[in-house]
Every structure is written in structure tokens, then in C-alpha cells.
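Peer 1:
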Amino acid sequence: MRLKDVVLVSGCALAYQSTVAHAYLDPGTGSLILQGIIGGILASWAVIQLNFARLRSFFRFTKKKRAKSDNFLEK
Amino acid sequence: MIDSDLSIHPGSFRDPSGYVYTSGNRVFRTVTESARNKYEFIRDNIVVSKLQDQGRIIKAREIDCSEWPSNIQNVAYLLEHPRIPFISYPYEWSFEQLREAALHHLELQMDLLDFGITLSDATAYNIQFVGPKPIFIDFLSLRPYVEGEFWWSHRQFCEQFLNPLLLRAVVGVAHNSWFRGSLEGITTADLAKLVPQHRRFSLNIFTQVILQAKLERDAIATPLRAIDRAKKAKRLPKGSYRAILQQLRNWIGKLAIADESKTIWEDYANNNTYSDVEARAKRSFITEFVKSVRPHTIIDLGCNTGDYSLAALEAGAQYAIGIDSDHKAIGQAYKRSKAKMASFLPLCLDAANPSPSQGWQQNERQGFAERARVDALIALAFEHHLAIGKNMPFSRLVPWLIKIAPQAIIEFVPKNDSTIRNMLALREDIFSDYTEEAFLKEIHKYADVVRQESISSSGRKLIWVKRR
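If you read the protein sequences in the order shown, they are chains A and B. Using the working numbering, the first residue of the first sequence is number 18, and each one after it goes up by one. Using the working numbering, the first residue of the second sequence is number 68, and each one after it goes up by one.
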């Protein structure tokens, strides 16, 4: 995402925040721009890590264990 | 019927969804009409009741409107929360406690997000400790997640959790004094100026501190430009939102104190001027005291790593609050409390300069004295730090101690004890009035002495006092 885009994101967010019910909190422009920059990168990285872990377990020929659920209600 | 002496909590004003009220020992929260739908969505979500059962979110019981006091009108709901034994603030927590609170917030957010709920703010004051266990207390901060929304409180999270932790982990400075002077936390711009050059380019510090501070500077320099360009709305996908929370959770979980050198009191429990005989005598005295007084809440002044707070709990006290000015000792005390899951809350406080009432109308965050309602006090190897270390006359010190609780154990340390000899080694002895007789004479003005016992060859004495 280009910096130009994320500035737009933060600007939109600033405009939006005055209309929502929980807008008693000032979110900070820098924080919103930052989320625009790193959010996609971190999400992609998380997918890569997950696939890498799956690949590793496949090549280990270990007995397939049921992956721990991320849903804490099922833990 | 609830008494109409319900009064609004002075710190409850930010969120128009509802307000916190207290009446005696009871805590209530209103839900305003504008927040009715939001509240009902949260209340009926299975994840919330599960988190409440786990003790991660405070419970909330709806009060039937027939029981509402006359001064509560035009609200959608009135809730009652269980009372937290002792309200504490992030500037009173050790690094370990602040880290625990940060992780609690992030893990809560991640678990809620999976069920379509998010938190509308990220203030550290919404986390409280019951013993060593953190609990989220602001029920109305929970609200439905809107697909694609940004993490609106990310900046607040950084200021109130991440930056104070980094101040200690990266710069080596404890967060407490700064946070106490700046109730909203430590700004990213300020922290960015302090990060050493060689730490600036680690991925996490670069993105969350250096880059964020630069983006904030740029936005402040050209605010209209940012708003003018706000024509097309962009989203933060849920996966990205979650990935940011996860990344912070992983990072904060690994943060450790930068300066590992020993502080004065950290190793005190193992390396002090007491013999084992003295320590045993103190524990035995405390046990007798607690079994007789049967306090619900006991306060331990100068608790160090918590030896005697834990002894008081073992003897039957229900809840112990320990205070000490040494952050690392409190960090150790917290680790011990957590390992034992004891009802022990250690806090970083200087008895000579405790937390004041401050914030809005100087009452938003209450001072330590206003909160410290306890049944019993132990002050072992403590008085000389004020009397000698801070030049506090007995005529000021003794009534202050006796006012804290109806019954107390106070240890008197004589001037020929090695601790005081060391304290006076490089300074003039201006304490000609510092004698056991003078100390007891001052006690007798306000209290009766139930029992006293010498516990060392130097003449250290435990004095059990009962306020008249």
C-alpha cells in the first residue's frame, strides 16, 4: 500500500470517527496510517507462517495431530 | 430497593454509553438508551458470559427497575458489578503487572473479535487486578465489531501499555513516575526520542514507535491535506486487524526489563540483615496477630518481595495489599503471588509520597489514602526508612501509621542496629530523639500496646498496637 493511499485511509477514518457512536476516543492519524501500512503485511506473514507450519508437519510424516483451535471456547 | 445515596464515580464521564455509580460497598453501572442495542447484543453473546465465567471480564447483574433508586431515571438498564477488592492504577504496577494487563487486553480483543465484538478503547485503567489475576472492568467498552473498521484505540494502547513497557524494556527506565505525571500514558513521539540508535531498526520498534511517530508528525504538519484527500474510504480487513493484535501479543509477551542489575530490595528476602530466627519470630508473631484480629484486608508497608503478606494470608487474612517503592521487588512479589495464585496485590508506592488524587477535578483517580480501607496493618522494618531516611519525626509518623488501620504490627528498629548504622554512616546523626522510649510514648497517645516482643540481639522489637 502506497503512503498516498494510507493518508487517504487516515483522512477517511478521521471523517468517519465523528459519526460513530464510540467516537469519544481520538484515534490518532499516525496510528491509523500505520495500521494501513502494516496490517496487510502482518496478515500475509501470518498466512505464510501457517502454511510453512503445515508444510513442515506434512514432510515430517508424523501422525497428524488435530490442530489446536484458535477459538478459545473449544480449548 | 437500592439506597438513593448512589453517587456517580468521579472518573466516569468519557463514555456516553453509561456511567458508574457507587453506594456504600456496591458498584453500579447505568446503560443509557443510546447504548441499549449495543448492550443487549453484548449481553446475549455467548462469548461474553464465557469470559465472565473465566473471570476475564467483570460480571454484571441487571437490577429490576422496581429496585432502582429515585435518582436513576431515563436509562435503559441498571447493572451491578461485584466490587474489586482494591482499585489500583497502572502507575502503581510493576513492569510485570503492566505486561500482564497488556496481554490481558490483547488476548481479550482477539477472543472477542472472533465473535464479532471489539473494544471501544484501550485504557489501562479498565484492567484491574484481583490478587495477581487481571480482569477487564469496563463492560460498556465492549461493542459490535464493524467489518473493515480500524483498531480505533491502537494509539491509546500504545500510550498506555506498549510505550510504558518499552520505556523499561528498551530504555531501562521504570514507567511509574512518568505515567503518574501523565495519566494518559507516554506518547509515541516522546518515546521515539529516547530509543537508542541501535534499537531503532528492529522491525517492531521501527514500525510501532519510529514510523508511527513520524506519521503522526507528518499528519500534524499537514492536517487539512489529509482530510481533503479523504474521498475514498479504505478498510482494515479483519485478518489484518487480528494480525496486528497477534504481533503485539507475541512481542509484548517476550518483553523483559532491560536493566537487570539488582536493586536495593529485590534480593532482600534472601540477603538481608535478619537472621532466620528473626524471620521465624516475625512469621510467628504475624500468625498470632492475624488469628486474633481476623482481618479481611491487610496492608503490608514496605512489603519487599511479599514474605510477610503471604504469611498473613496463610494465617487467615483474606486479602493482602503490599506496597514498596522498589519496582523490581514488587515485580518479584507479583511473580510470587502469581505462582501461588495468592490473594496478594503488590504495588509500587513510596509511603512518603503515595499516589495523589488527580485527573479531572483532582478526583478522577483517587489517592492511595482514599482507597486504602483496611482492617490491619503490618509495617516491619519500615519506620526507620521514614524516621531516619526521610527525617520524619515520630510525632508525625506514629499517628499516620495508627490512622491506617485499627490494629497493627509495627517493628521498631533501634539506632544501634546495623541497618541504621549504615544509613547514618555518611551523614550527621541529627536523630537524638530516636529512641524506643520516645516511639512507645508516641504510640501510647493514640493506641494501646497489646503485645511486644524483642526479636534480635540489636533490640529490634515487634509492637502490636490497637487504636483507641
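Virtual Cβ for every residue (Gly too), placed ideally from N, Cα, C.
Taking the alpha-carbon positions, what's the B:Q223 to B:P413 distance?
Peer 2: Stepping through the second sequence from its first residue, residue 223 of chain B is reached at position 156. Stepping through the second sequence from its first residue, residue 413 of chain B is reached at position 346. Approximately 25 Å between the Cα atoms of the pair.
Peer 1: According to DSSP, which residues form a beta bridge with B:K533?
Peer 2: Here residue 533 of chain B refers to the residue found at position 466 of the second sequence. Partner(s): B:Q474, B:D515.
Peer 1: With B:P231 as the anchor, note down where its beta strand (DSSP E) starts and where it stops.
Peer 2: Here the question's residue 231 of chain B lines up with position 164 in the second sequence. It is not in any beta strand (DSSP E) - B:P231 instead sits in the alpha helix (DSSP H) that spans 230-233.
Peer 1: How is B:Y144 classed by DSSP in three states: helix, strand or coil?
Peer 2: Here residue 144 of chain B corresponds to residue number 77 of the second sequence, with the count starting at 1. Strand at B:Y144.
Peer 1: Tell me whether B:T97 is buried or exposed, calling it buried when 16 or more other Cβ atoms sit within 10 Å of its Cβ.
Peer 2: For the purposes of this step, residue 97 of chain B is identified with residue 30 of the second sequence, where counting begins at 1. Buried, since its Cβ has 16 or more Cβ neighbours within 10 Å.
Peer 1: Given that a residue counts as buried once 16 or more other Cβ atoms are within 10 Å of its Cβ, and exposed if not, what is B:R128?
Peer 2: By one-based count along the second sequence, residue 128 of chain B stands at place 61. So B:R128 ends up on the exposed side.
Peer 1: Whether or not the segment 69-86 of chain B and the segment 420-437 of chain B are in contact is what I'm after, with contact meaning three or more pairs of Cβ atoms, one per stretch, closer than 8 Å; do they touch?
Peer 2: A contact exists between the segment 420-437 of chain B and the segment 69-86 of chain B.
Peer 1: Per DSSP, B:A443 forms a beta bridge with which residues?
Peer 2: Here residue 443 of chain B refers to the residue found at position 376 when the second sequence is read from its first residue. Partner(s): B:I365, B:Q474.
Peer 1: In whole angstroms, give me the CA-to-CA distance for A:A60 and A:A70.
Peer 2: Numbered from 1 along the first sequence, position 43 holds the residue referred to as residue 60 of chain A. Numbered from 1 along the first sequence, position 53 holds the residue referred to as residue 70 of chain A. Taking the straight line joining both Cα atoms gives about 15 Å.
Peer 1: Beta strand (DSSP E) containing B:V94: first to last residue?
Peer 2: Position 27 of the second sequence, counted from the start, is the residue given in the question as residue 94 of chain B. 93-98 is the extent of the beta strand (DSSP E) around B:V94.
Peer 1: Please confirm whether A:A70 has its beta-carbon closer than 8 Å to some beta-carbon of chain B.
Peer 2: Within the first sequence, the letter at position 53 stands for residue 70 of chain A. Chain B contact via Cβ: absent.
Peer 1: The alpha helix (DSSP H) that contains B:I287, what's its start and end?
Peer 2: The residue labelled residue 287 of chain B in the question sits at position 220 within the second sequence. Counting along the chain, the alpha helix (DSSP H) containing B:I287 begins and ends at 279-288.
Peer 1: Anything in chain C within Cβ reach of B:T274, meaning under 8 Å, just list it in chain order.
Peer 2: Absence of chain C from the displayed structure is noted, the protein chains being A and B.
Peer 1: Looking only at C-alpha atoms, which of B:A379, B:Y106, B:G369, B:W219 sits nearest to B:D417?
Peer 2: Looking up residue 417 of chain B in the second sequence gives position 350. Looking at the Cα atoms, B:G369 is the closest of the given residues.
Peer 1: Is B:L493 buried or exposed, if buried means 16 or more other CB atoms sit within 10 Å of its CB?
Peer 2: To locate residue 493 of chain B, count along the second sequence from 1; it is residue 426. So B:L493 ends up on the exposed side.
Peer 1: Which chain B residues sit within Cβ distance under 9 Å of A:L67?
Peer 2: Within the first sequence, residue 67 of chain A is the residue found at index 50, counting from 1. Near A:L67 there are no residues of chain B at all, since even the closest Cβ is about 11 Å away, more than 9 Å.
Peer 1: Measuring only between beta-carbons, confirm whether B:G306 sits less than 8 Å from chain A.
Peer 2: Here residue 306 of chain B corresponds to residue number 239 of the second sequence, with the count starting at 1. It does: the Cβ of B:G306 has a partner Cβ on chain A nearer than 8 Å.
Peer 1: Could you spell out where the alpha helix (DSSP H) holding B:A396 opens and where it closes?
Peer 2: Your numbering for residue 396 of chain B matches position 329 in the second sequence. 394-407 is the span of the alpha helix (DSSP H), which, as asked, contains B:A396.
Peer 1: Compare the C-alpha of B:V213 against each of B:Y106, B:L303, B:A191 and name the closest.
Peer 2: One-based indexing of the second sequence puts residue 213 of chain B at position 146. The option with the nearest alpha carbon to B:V213 is B:L303.
Peer 1: With DSSP collapsed to three states, give me the class of B:L380.
Peer 2: In the second sequence, residue 380 of chain B corresponds to position 313, counting from 1. In the structure shown, B:L380 sits in a helix (DSSP, three-state: H, G or I).
Peer 1: Quick one: which chain A residues come within Cβ less than 8 Å of B:A310?
Peer 2: Residue 310 of chain B sits at position 243 when you count from the first residue of the second sequence. Chain A residues near B:A310: G56, L59, A60, W62, A63.
Peer 1: Check whether the segment 154-170 of chain B touches the segment 442-462 of chain B, counting contact only when three or more Cβ pairs, one atom from each stretch, lie closer than 8 Å.
Peer 2: Segments in contact, no.
Peer 1: Chain A partners of B:H221, CB-CB under 9 Å?
Peer 2: As a first step, residue 221 of chain B is located in the second sequence; it is residue number 154 there, counting from the start. Simply P44, G45, S48, L49, L51, Q52.
Peer 1: Excluding sequence positions up to five away, which residues of its chain have a Cβ less than 7 Å from the Cβ of B:Q275?
Peer 2: Taking the first residue of the second sequence as 1, we reach residue 275 of chain B at position 208. If we look at B:Q275 and ignore the five residues flanking it on each side, its Cβ neighbours are C225, L229.
Peer 1: For the alpha helix (DSSP H) containing B:Q195, list its first residue and its last residue.
Peer 2: On the second sequence, residue 195 of chain B is found 128 positions in, with the first residue counted as 1. Unbroken run through B:Q195 is the beta strand (DSSP E), 194-197; no alpha helix (DSSP H).
Peer 1: Using the Cβ count rule (16 or more neighbours within 10 Å means buried), how would you classify B:A406?
Peer 2: In the second sequence, the residue the question calls residue 406 of chain B occupies position 339. Exposed, by the Cβ-count rule.
Peer 1: Step through the CB atoms of chain A and report whether any lies within less than 8 Å of the CB of B:L303.
Peer 2: Your numbering for residue 303 of chain B matches position 236 in the second sequence. It does: the Cβ of B:L303 has a partner Cβ on chain A nearer than 8 Å.
Peer 1: Please list the terminal residues of the continuous alpha helix (DSSP H) segment that includes A:I55.
Peer 2: The residue labelled residue 55 of chain A in the question sits at position 38 within the first sequence. Where A:I55 is concerned, the enclosing alpha helix (DSSP H) stretches over 46-76.
Peer 1: Any idea what DSSP makes of B:S244, helix, strand or coil?
Peer 2: What you label residue 244 of chain B is simply residue 177 of the second sequence in a count that begins at 1. If DSSP states are grouped into helix, strand and coil, B:S244 belongs with the helices.
Peer 1: Looking at chain A, is there any beta carbon in it that lies within less than 8 Å of the beta carbon of B:F217?
Peer 2: For the purposes of this step, residue 217 of chain B is taken as the residue at position 150 of the second sequence. Yes, because at least one Cβ of chain A sits closer than 8 Å to the Cβ of B:F217.
Peer 1: Taking its Cβ as the centre, do 16 or more other Cβ atoms sit within 10 Å of B:L258, making it buried, or is it exposed?
Peer 2: For the purposes of this step, residue 258 of chain B is taken as the residue at position 191 of the second sequence. Result: buried.
Peer 1: Grab the span of the beta strand (DSSP E) containing B:S116 for me, first residue to last.
Peer 2: Against the second sequence, residue 116 of chain B aligns to sequence position 49. Here B:S116 belongs to no beta strand (DSSP E); instead the alpha helix (DSSP H) covers 113-120.
Peer 1: Once you ignore the five residues that flank B:A15 on each side, which residues in its own chain have a CB closer than 6 Å to its CB?
Peer 2: An answer regarding residue 15 of chain B cannot be provided, because it is not within the stretch 68 to 535 covered by chain B.
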